[in-house]
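K.L.:
Under the UniProt record's numbering, the first residue of the sequence shown carries the number 1, and numbering increases by one thereafter. Using N, Cα and C, we set each Cβ at its ideal position, and we do this for glycine too.
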Amino acid sequence: MTALLRQNPIIQESDGRSGESSTYEARDTLKDAHDVALFDYYATSQLAVVRIRDMSVALVGSLGRYYGVHPAPDGQHLLVSTIQKPYSYLTTVARFPRDIAVWDISDQAHVVAHKIASRPLMERVPIHGVPTGPRQFSWRTTEPATLVWAEALDGGDWNVNAPQRDRLMTSTAPFDQPPREVMRLAQRYCGIDWTAQSDLALLAEYDGNRQWWSAYLINFDARIPAPRLLWDMSSHEQYADPGNPVMRTLPNGFSVIRQEGDSIFLAGAGASPHGDRPFLDRLDLATFKTQRLFRSDRSSLESFFAFTEDDSRSFLTSHQSPTDPPNVYVRRLRAAIDAPAGEATFTSSSAAVTHTTDPTPAVRQIRKRLVRYQRADGVELSFTLYTPPGYQEGTRIPAILYAYPRDYADESKAGQTSGSQETFTQLSRHRLLLLAGYAIIDTHHSRSLATRSGRTTPTLSRSSPTHRPRWTRRFDSASQTRTALS
1 MTALLRQNPI
11 IQESDGRSGE
21 SSTYEARDTL
31 KDAHDVALFD
41 YYATSQLAVV
51 RIRDMSVALV
61 GSLGRYYGVH
71 PAPDGQHLLV
81 STIQKPYSYL
91 TTVARFPRDI
101 AVWDISDQAH
111 VVAHKIASRP
121 LMERVPIHGV
131 PTGPRQFSWR
141 TTEPATLVWA
151 EALDGGDWNV
161 NAPQRDRLMT
171 STAPFDQPPR
181 EVMRLAQRYC
191 GIDWTAQSDL
201 ALLAEYDGNR
211 QWWSAYLINF
221 DARIPAPRLL
231 WDMSSHEQYA
241 DPGNPVMRTL
251 PNGFSVIRQE
261 GDSIFLAGAG
271 ASPHGDRPFL
281 DRLDLATFKT
291 QRLFRSDRSS
301 LESFFAFTED
311 DSRSFLTSHQ
321 SPTDPPNVYV
331 RRLRAAIDAP
341 AGEATFTSSS
351 AAVTHTTDPT
361 PAVRQIRKRL
371 VRYQRADGVE
381 LSFTLYTPPG
391 YQEGTRIPAI
401 LYAYPRDYAD
411 ESKAGQTSGS
421 QETFTQLSRH
431 RLLLLAGYAI
441 IDTHHSRSLA
451 TRSGRTTPTL
461 SRSSPTHRPR
471 WTRRFDSASQ
481 TRTALS
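#1: Pull up the DSSP beta-bridge partners for T357, would you.
#2: I need the DSSP call for A58, collapsed to helix, strand or coil.
#3: In its own chain, which residues sit with a C-beta less than 6 Å from the C-beta of A145, not counting the 5 before and 5 after it?
#4: Does DSSP put L435 in a helix, in a strand, or in coil?
#5: Would you decide whether I192 is buried or exposed? Buried here means 16 or more other CB atoms lie within 10 Å of its CB.
#6: Return the chain-ordered list of same chain residues with a C-beta closer than 6 Å to the C-beta of A201, the five sequence neighbours on each side being excluded.
#7: So, is I397 buried or exposed, given that buried needs 16 or more other C-beta atoms within 10 angstroms?
#8: For a quick check, are the C-beta atoms of A276 and A267 less than 9 Å apart?
#9: Any contact of the stretch 120-139 with the stretch 151-164, i.e. 3+ C-beta pairs under 8 Å?
#10: Near D358, what residues of its chain come up, given a Cβ to Cβ distance below 6 Å and the 5 sequence neighbours on each side ignored?
#11: Would you mind working out which of V246, A204 and A399 sits nearest I440, comparing C-alpha positions?
#12: Under three-state DSSP, which class holds H77?
#13: For the stretch 220-235 against the stretch 243-250, are there 3 or more C-beta pairs whose distance is under 8 Å?
#14: With 16 as the cutoff for other CB atoms within 10 Å, does E260 come out buried or exposed?
#15: Does the stretch 203-217 touch the stretch 177-192, meaning 3 or more C-beta pairs lie closer than 8 Å?
#16: CB F294 to CB A306, shorter than 9 Å?
#17: Under 9 Å, do R334 and S348 count as touching if we go by C-beta distance?
#18: From the DSSP output, which residues share a beta bridge with F304?
#19: Around the C-beta of I337, are 16 or more other C-beta atoms found within 10 angstroms, so that it is buried, or is it exposed?
#20: Exposed or buried, what is Q238 when buried is set at 16 or more other beta-carbons lying within 10 Å of its beta-carbon?
#21: What beta strand (DSSP E) runs, 3 residues minimum, are completely inside the stretch 241-266?
#22: Please work out which residues of its chain come closer than 7 Å, Cβ to Cβ, to A101, disregarding the five sequence neighbours upstream and downstream, and give them in chain order.
#23: Select from T308, L401 and G437 the residue whose C-alpha is nearest the C-alpha of T387.
#24: Please go through the same chain and pick out, in chain order, the residues whose beta-carbon is closer than 8 Å to the beta-carbon of V328, but skip the five residues on each side of it.
#25: Are the beta-carbon atoms belonging to A196 and V148 less than 9 Å from one another?
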């Protein structure tokens, strides 16, 4: 589109109402009518269905500014979100008005749209809050076309005292009946995962004031879901992190929590004071008791990533050590054994499936170790120290600190160790400077599995418990830490 000379002055007005709003880089927002015209042009698209068998293309619906399109498990319905006007010069596209609808595309020549919600311009969403009205839509993976979403009961504001903050809603095809309220939540809705048992689900909620999360097992179809509390802990908890449910992909492409009888499986990073030791657990949904099937040994880093069969006795792992590049192994459980707390209760055997060789042998000369230290205020912290190839102990060399602050509400969680010194060193981004002779003090420990929080330089909150904590300390302590470089 050719740029046009500005024909009118830029006019902005205030309606006199006060309210909180997030701030954005000026370069990320619209600035004038020309920007609006460009946005309209580039945001407009046409939906189409491509049939894999013959690669034929059929247009669906009309031109529109589509923010998101998500097919239902039955393949006959689409959750469609479209961007509406008026736009804003203060916020980014995520806060623009939006219409949410379910399209019935069983007859692609005559699409039927069922309106679910219209969200107005969201310029006054509280800091760390959520917009009012329906949000966080998802399809129920165990049903053909059932939509689930949350709605705030507290105006979306953490600062408001309310007995319940959210309610969970659902609506089912053909979407011609009012939505049903499933349950109300004391805290903010985080999401839901469905088990292979159609009516059973894991639901998570988050308390932003305490930085605390909880997970419940619910019977979604019951008149009263009667949630059973499964986990309840700080969002910064590393050592007691239960791991993530192992998923199974259905024929329709959607995923459910893998289930074996009354049990599901959990895979976690296994943070400990001595570094990560990934694990695989079996969780009994009747008793909520866990059984440890596998745990990585102390001399390597081995992480579960998939079962190979319908039973739970054989699975694939990713194995690496400081001298062995990551490779896929197949591991099979053998005999049950008595084991100390936290260790695997089965013996197992393994065999390599892939045989990747070391692509950069010179990098093996880089040394790393996990360093634990105490900050001046008594908080226990840690970082990974990398020294360059050929480094001699006692030699003074320049060091680079790689860190970013993160706020914590609890001192005991701020210093928990995560990451592992048993990983295969690979160079990317800032670590390339090791080849130039620099040492690196890295507080961003790499994780073998996705977790709820990464490791950064902690800052401890001293704010009111009814407000989200603010950063009160920077990473000056980490930058002042003396390491064994001299």
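P.N.:
In this structure, then:
#1: Position 357 of the sequence shown, counting from 1, holds the residue named residue 357. Note: T357 sits in no beta bridge, so no partner.
#2: In the sequence shown, the residue the question calls residue 58 occupies position 58. Here A58 sits in strand by DSSP.
#3: Counting from one through the sequence shown, the residue named residue 145 turns up at place 145. Closer than 6 Å at Cβ, skipping near neighbours: A72, D74, H77 and A173.
#4: The residue labelled residue 435 in the question sits at position 435 within the sequence shown. In the three-state DSSP reduction, L435 falls in the helix class (H, G or I).
#5: Taking the sequence shown and counting its residues from 1, one reaches residue 192 at position 192. Buried.
#6: Here the question's residue 201 lines up with position 201 in the sequence shown. Here A201 has I192, W194, I218 and F220 as same chain residues with Cβ atoms under 6 Å from its own Cβ, once five neighbours each way along the sequence are excluded.
#7: Residue 397 sits at position 397 when you count from the first residue of the sequence shown. With fewer than 16 Cβ atoms within 10 Å of its Cβ, I397 is classed as exposed.
#8: Reading the sequence shown from its first residue, position 276 is the one you call residue 276. Reading the sequence shown from its first residue, position 267 is the one you call residue 267. This sequence places Asp at residue 276; Ala is not what is there. For D276 and A267, no; Cβs fall outside 9 Å.
#9: yes
#10: Within the sequence shown, numbered from 1, the residue matching residue 358 stands at position 358. Only P325 meet the Cβ criterion.
#11: By one-based count along the sequence shown, residue 440 stands at place 440. Looking at the Cα atoms, A399 is the closest of the given residues.
#12: Walking along the sequence shown from the start, residue 77 turns up at place 77. H77: strand per DSSP, three-state reduction.
#13: no
#14: Translated into the one-based positions of the sequence shown, residue 260 becomes position 260. Burial call: exposed.
#15: yes
#16: Working through the sequence shown from its first residue, we reach residue 294 at position 294. Working through the sequence shown from its first residue, we reach residue 306 at position 306. Against a cut-off of 9 Å, the Cβ pair of A306 and F294 comes out as no contact.
#17: Locating residue 334 in the sequence shown gives position 334, counting from the first residue. Locating residue 348 in the sequence shown gives position 348, counting from the first residue. Yes, Cβ-Cβ distance for R334 and S348 is below 9 Å.
#18: What you label residue 304 is simply residue 304 of the sequence shown in a count that begins at 1. DSSP output for F304 lists T317 as bridge partner(s).
#19: The residue labelled residue 337 in the question sits at position 337 within the sequence shown. Its Cβ having fewer than 16 others within 10 Å, I337 is exposed.
#20: Working through the sequence shown from its first residue, we reach residue 238 at position 238. By the 10 Å Cβ count, Q238 comes out buried.
#21: 247-249 and 255-257
#22: Here residue 101 corresponds to residue number 101 of the sequence shown, with the count starting at 1. Excluding positions up to five away in sequence, the list reads V80, A113, H114, K115 and I116.
#23: Taking the sequence shown and counting its residues from 1, the one referred to as residue 387 is at position 387. Comparing Cα positions, the closest option is G437.
#24: If you number the sequence shown from 1, residue 328 lands on position 328. Scanning its chain for C-beta atoms nearer than 8 Å, with the 5 sequence neighbours on each side dropped, one finds around V328 the residues L316, T317, S318, H319, A352, V353 and T354, in chain order.
#25: Taking the sequence shown and counting its residues from 1, the one referred to as residue 196 is at position 196. Taking the sequence shown and counting its residues from 1, the one referred to as residue 148 is at position 148. No, Cβ-Cβ distance for A196 and V148 is not below 9 Å.
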